[in-house]
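Asks:
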Amino acid sequence: MVYDRSIGFGLEHIGLTTLRYPRAVALAVLAFTALCFTQVPRAWVDGDLLRIYAHSGHYYDAYEHLSDTFGTFENDLYVLVSSPTLTRPETLEQVRELAFDLELNEFAVGTMSPFTLRKPEGAGTSVPAVPEGMTEIAQVARALTDLQQNDPMMRNLITPDLTGVVLILFPNQDMVREHGNKALIASVRDTIAYYAGSDINVELTGPPIWTTEMVNAAVSDQIKFTLWGFGLGSLIALFALRSVPGALMVAATPFLAVMWTMGMVILFFGSFSFLTIIVTTLVLVISFAESMFFIFNWLAYWRDGMEPNKAVDATVKLVGPATALTMLTTLVSFASLALTPGQGIREFSIAGAIGSFLLFVCLMTFMPLMLKAAIRIGFKRPRRVSPVLTAPLPLSWFLASRFGRPIAIAAVIVTLLLFIPYALIQPHFSFEDFVARDSSALATAAEIDSGVGGVAPIYIRVPLKQHDPNVGAEDFETIKAAHQILERHLGQNKVISAASVSNYTDAGFSREDVLESVGPFMRRRFVTDDGSQALITGFMPTIVDSDALKQLVEDVDNELAAAGVENAEIGGFRVLTTFATDQIVRGLQLDLTLSVLVNLALIGFAFQSFRVALASAIPNLFPVLGTEAWLYFSGAGLQLTTVIALTIAFGIAVDDTVHFLSHYLHARREEGRSHIEAVKHTLERIGGAIVATTIILCSGVTIVVFSDLPQVALFGTLFVSTLGFALIGDLFILPALLAAGGKFFQPLGRIRVRMADHDPTPDDPSGDAATEVIRPNPSTT
Numbered sequence: 002m003v004y005d006r007s008i009g010f011g012l013e014h015i016g017l018t019t020l021r022y023p024r025a026v027a028l029a030v031l032a033f034t035a036l037c038f039t040q041v042p043r044a045w046v047d048g049d050l051l052r053i054y055a056h057s058g059h060y061y062d063a064y065e066h067l068s069d070t071f072g073t074f075e076n077d078l079y080v081l082v083s084s085p086t087l088t089r090p091e092t093l094e095q096v097r098e099l100a101f102d103l104e105l106n107e108f109a110v111g112t113m114s115p116f117t118l119r120k121p122e123g124a125g126t127s128v129p130a131v132p133e134g135m136t137e138i139a140q141v142a143r144a145l146t147d148l149q150q151n152d153p154m155m156r157n158l159i160t161p162d163l164t165g166v167v168l169i170l171f172p173n174q175d176m177v178r179e180h181g182n183k184a185l186i187a188s189v190r191d192t193i194a195y196y197a198g199s200d201i202n203v204e205l206t207g208p209p210i211w212t213t214e215m216v217n218a219a220v221s222d223q224i225k226f227t228l229w230g231f232g233l234g235s236l237i238a239l240f241a242l243r244s245v246p247g248a249l250m251v252a253a254t255p256f257l258a259v260m261w262t263m264g265m266v267i268l269f270f271g272s273f274s275f276l277t278i279i280v281t282t283l284v285l286v287i288s289f290a291e292s293m294f295f296i297f298n299w300l301a302y303w304r305d306g307m308e309p310n311k312a313v314d315a316t317v318k319l320v321g322p323a324t325a326l327t328m329l330t331t332l333v334s335f336a337s338l339a340l341t342p343g344q345g346i347r348e349f350s351i352a353g354a355i356g357s358f359l360l361f362v363c364l365m366t367f368m369p370l371m372l373k374a375a376i377r378i379g380f381k382r383p384r385r386v387s388p389v390l391t392a393p394l395p396l397s398w399f400l401a402s403r404f405g406r407p408i409a410i411a412a413v414i415v416t417l418l419l420f421i422p423y424a425l426i427q428p429h430f431s432f433e434d435f436v437a438r439d440s441s442a443l444a445t446a447a448e449i450d451s452g453v454g455g456v457a458p459i460y461i462r463v464p465l466k467q468h469d470p471n472v473g474a475e476d477f478e479t480i481k482a483a484h485q486i487l488e489r490h491l492g493q494n495k496v497i498s499a500a501s502v503s504n505y506t507d508a509g510f511s512r513e514d515v516l517e518s519v520g521p522f523m524r525r526r527f528v529t530d531d532g533s534q535a536l537i538t539g540f541m542p543t544i545v546d547s548d549a550l551k552q553l554v555e556d557v558d559n560e561l562a563a564a565g566v567e568n569a570e571i572g573g574f575r576v577l578t579t580f581a582t583d584q585i586v587r588g589l590q591l592d593l594t595l596s597v598l599v600n601l602a603l604i605g606f607a608f609q610s611f612r613v614a615l616a617s618a619i620p621n622l623f624p625v626l627g628t629e630a631w632l633y634f635s636g637a638g639l640q641l642t643t644v645i646a647l648t649i650a651f652g653i654a655v656d657d658t659v660h661f662l663s664h665y666l667h668a669r670r671e672e673g674r675s676h677i678e679a680v681k682h683t684l685e686r687i688g689g690a691i692v693a694t695t696i697i698l699c700s701g702v703t704i705v706v707f708s709d710l711p712q713v714a715l716f717g718t719l720f721v722s723t724l725g726f727a728l729i730g731d732l733f734i735l736p737a738l739l740a741a742g743g744k745f746f747q748p749l750g751r752i753r754v755r756m757a758d759h760d761p762t763p764d765d766p767s768g769d770a771a772t773e774v775i776r777p778n779p780s781t782t
């Protein structure tokens, strides 16, 4: 007997094909597994944060244009050299040698330091900014103090107490792309190692260091998540089934699903990003959950007296459609993310959709083959599942049967009230959340912030009218106006531009002399070779609150317009990440709303009943809205991984609801049970599996909470809390809703079905003729 329409939209036929052609499917599984395993050794994590924001809109385009035109300080290495004896001539000369060695480093295309910059002397000549040949401490102190207080380029490179200097290395980006940041950092560390000693302390910081720390943390996290995920999942399966072979069979499918997903992500994208690497953890825990549902149903049929091989077939036919529908809801949640611009978001969306489909295929192909192979080699049925898993079920049924109506009313009211914080919550961004915890490079950056300025640049690109490479008088006044506006907001000596050299031009030097003295590399960071554009660079603290930065950009923009600086454009990596994250998060919030609506409509369409969709709405909206309410009242706001976690958690949380409703309707349609009896039977039949799968999902993702990357840790925290609330929704709210709405859900028990070829009759032994009979109809609404 088959229904006119499958709730799995026919995707369960993948499992039915496995049952019909086991050898052919086994060969296909083996071949695909071999393909994926060949890709896994190529796996690596791309630490480029720009990959997340690429093609995300105006702010990314502005940053890319700015970077292509001038180059930026975003990829530079900052070397902080500290010494209590810096004013000693011999110490100063050691630091000078270090600066020159850095300039000769194979990865360097240039450097900026007190020792590599020159100042004009007259007649077109220049001299070192830090004089050579000094022999007395007082002489060194006077020279450094004069530079620190008066030279516009030195103010951000020499500490006021004369105990530290900052050396900036500009990496060759072609070499970095070829060899990686790790090779760059290793080469620089080799260069500075010779100079570090008891009197001289040398520390590195800057985006390449932060990125490397993030990559190291991401790789370490993935190893820990995978090992702990498999370990915890297997232990929970062992605890639930009380069978070592049974636990191994539960773990085998997730392992293969993860390998398939890793192989396809590498094949499609060439590497993992900070977002796509999360997909493997999600596939791992979702696969464990679905494996538990499959094993629980198989063992239940076996315990009911069905022959074990037939029990596998029956499980595929019963669980397959529901698993297909849950896969589709998860896939819809991932796919909805692709509506928001940004390469990283789209890659995460595609990778998640691929992983969702692959884990379903793995469950429908590898799992039945594995179970039949286990039966053939003598697998013994384990005892009944652990009573701990079924402990909440009597309470659930007691509350649903006795207090169903007040629980249902309370759940509806609370869910509706939770829409208020959902509508009020605002995006929030913090760069610190992307950097590994206890980052030594971040601590060094903070030290530079407090001593000489900042290592977080903000830029103003100013179009010039005179097109003079040496900056004409009118253009100079425009640059000076923009420079002063930015300096008023960041503080004195925190901005550099062509207007910074006014002390030399006031002394009689031409702008051409001054610009020539800084060298061609730095000159291009002030004005383009054709004199069509100028750049003003301000240095902010490393950690800047997103709201404060947005206000700064708005104020500077308004003041530039008021000063008549036309078509000026504010940019920088911090500006990009703050504004683009705000835009992306708002888009993801809409994606979440769309995902919820589409998934509820998909469930209603699959079951051919809007009543089923309504029954699934409250228990699945409650956890998502509840988590967002906590974010709102705690002041955390919506962040990039926050909305992603909620979207994906919703897609996964729907899984248990779909399995519950599928079993409930099966009990009504196939077993002829009454409405209330079917609710109780469903609780008893799969309640333990719901508890077990939620424990596996939460335990597997709980490992993410301990990530060294705050954004990943936040993802895990919200994911676990949402699934915890979802368990309450499926075990207590959904049964109460069904029990309270007896008359409303009563028509779900009738359906018109078609008797197909596998239901032969005496008059038609082949079963080819089809007849129609009236059965409990779930589509009557």
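Each residue of the sequence shown is one higher than the last, beginning at 2 in the numbering used here. Just so you know, even glycine gets a beta-carbon here, dropped at the ideal spot from N, CA and C.
Measuring alpha carbon to alpha carbon, tell me which residue in D102, L118, A646 and T160 is nearest A194.
Replies: D102
Asks: Would you call R575 buried or exposed, if buried means 16 or more other Cβ atoms sit within 10 Å of its Cβ?
Replies: buried
Asks: Assign F527 to one of three DSSP states: helix, strand, or coil.
Replies: Under the three-state reduction of DSSP output, F527 falls in the coil class, being neither helix nor strand.
Asks: For the candidate residues I414, L168 and L715, whose alpha-carbon lies nearest to that of I619?
Replies: I414
Asks: Nearest-angstrom Cα distance between T445 and S221?
Replies: 23 angstroms
Asks: Out of D49, E560 and T324, which one is the CA nearest neighbour of F294?
Replies: Distances from the alpha-carbon of F294 to those of D49, E560 and T324 put T324 closest.
Asks: Along the chain, which unbroken stretches of the beta strand (DSSP E) at least 3 residues long are found entirely within the segment 142-189?
Replies: 165-172
Asks: Pick out the complete beta strand (DSSP E) segments inside the segment 68-126, 3 residues or longer, and give them in chain order.
Replies: 78-83, 109-113 and 119-123
Asks: Out of V721, Q712 and K681, which one is the CA nearest neighbour of G405?
Replies: K681
Asks: Can you tell me which of the three DSSP states Y460 falls into?
Replies: strand
Asks: Can you round the beta-carbon distance between V644 and L698 to whole angstroms, since I take them to be within the 8 angstroms contact cut?
Replies: Not really, about 19 angstroms apart at Cβ, beyond 8 angstroms.
Asks: Between S292, S288, A312 and E308, which has its C-alpha nearest W299's C-alpha?
Replies: A312
Asks: May I have the straight-line CA-CA distance separating E13 from G343, to the nearest angstrom?
Replies: Distance between the alpha carbons of E13 and G343: 34 angstroms.
Asks: Would F297 be called buried (16 or more neighbouring beta carbons within 10 Å of its own) or exposed?
Replies: It is buried - the Cβ of F297 has at least 16 other Cβ atoms within 10 Å.
Asks: Is it right to say R24 is buried, meaning 16 or more other beta carbons lie within 10 angstroms of its own, or is it exposed?
Replies: exposed
Asks: Going by CA-CA distance only, name the one from T578, L118, N621 and L666 that's closest to A63.
Replies: T578
Asks: By Cβ distance, which residues of its chain are closer than 7 angstroms to P52, with the 5 residues on each side in sequence left out?
Replies: As written in the sequence, residue 52 is Arg, which differs from the Pro given in the question. Excluding sequence neighbours, R52 sits near S274, Q344 and G345.
Asks: Bridge partners for V46 per DSSP, in chain order?
Replies: F273
Asks: Near P309, what residues of its chain come up, given a Cβ to Cβ distance below 6 angstroms and the 5 sequence neighbours on each side ignored?
Replies: Cβ neighbours of P309 beyond the five flanking positions: W303 and I376.
Asks: Counting only runs of 4+ residues fully inside the segment 534-619, write out the alpha helix (DSSP H) ranges in chain order.
Replies: If we require 4 residues or more, the alpha helix (DSSP H) runs fully inside the segment 534-619 come out as 547-563 and 574-608.
Asks: Ordered along the chain, which non-local residues of its own chain (more than five positions away) have a Cβ less than 8 angstroms from that of A581?
Replies: Y54, S57, G58, Y60, Y61 and G343
Asks: Counting along the chain, where does the beta strand (DSSP E) carrying N494 start and finish?
Replies: Taken as a continuous stretch (DSSP letters only), N494 belongs to no beta strand (DSSP E), as it is neither H nor E.
Asks: Can you tell me which of E75, R21 and F38 puts its alpha carbon nearest to the alpha carbon of G573?
Replies: Comparing Cα positions, the closest option is E75.
Asks: Could you check what DSSP says for T206 in three-state terms: helix, strand or coil?
Replies: Strand.
Asks: Find out if the Cβ-Cβ distance for the pair D1, F726 is shorter than 8 angstroms.
Replies: The question about residue 1 has no answer, for the chain in this structure spans 2 to 782.
Asks: Note down, one range per segment and in chain order, each alpha helix (DSSP H) of at least 4 residues found wholly within the segment 375-440.
Replies: 388-391, 393-418 and 420-425
Asks: With distances taken between CB atoms, is the gap from V557 to H490 smaller than 8 angstroms?
Replies: Contact flag set, yes.
Asks: My guess is that G532 and L465 are in contact by the Cβ rule of under 8 angstroms, so how many angstroms apart are they, rounded?
Replies: Going by Cβ atoms, the distance from G532 to L465 rounds to 6 angstroms, so yes, they are a contact pair.
Asks: Measuring only the C-alpha atoms, how far is M785 from P129?
Replies: One cannot answer for residue 785 here, as it falls past the ends of the chain, which runs 2 to 782.
Asks: With a threshold of 8 angstroms on Cβ separation, who are the neighbours of L163 within its own chain once the five nearest residues in sequence on each side are excluded?
Replies: Cβ-Cβ distances below 8 angstroms link L163 to L87, T88, A142, L145, T146 and Q149 in the same chain, with the five nearest sequence neighbours on each side left out; the list follows chain order.
Asks: Which class does P624 belong to by DSSP, given the choice of helix, strand or coil?
Replies: helix
Asks: Short of 8 angstroms in beta carbon distance, which residues of its chain neighbour F477, apart from the five on each side in sequence? Order them along the chain.
Replies: A499, A500 and R512
Asks: Drop a sphere of 10 angstroms on the beta-carbon of Q427, count the other beta-carbons inside from all chains shown, and report buried for 16 or more, exposed for fewer.
Replies: Q427 counts as exposed, since fewer than 16 other beta carbons sit within 10 angstroms of its beta carbon.
Asks: When the Cα atoms are used, what is the spatial distance from D709 to H180?
Replies: A straight line joining the alpha-carbon of D709 with that of H180 spans about 25 angstroms.
Asks: How many Å lie between G605 and V659 at the Cα?
Replies: Going by the C-alpha atoms only, they are around 10 angstroms apart.
Asks: Is DSSP giving L666 helix, strand or coil here?
Replies: Helix at L666.
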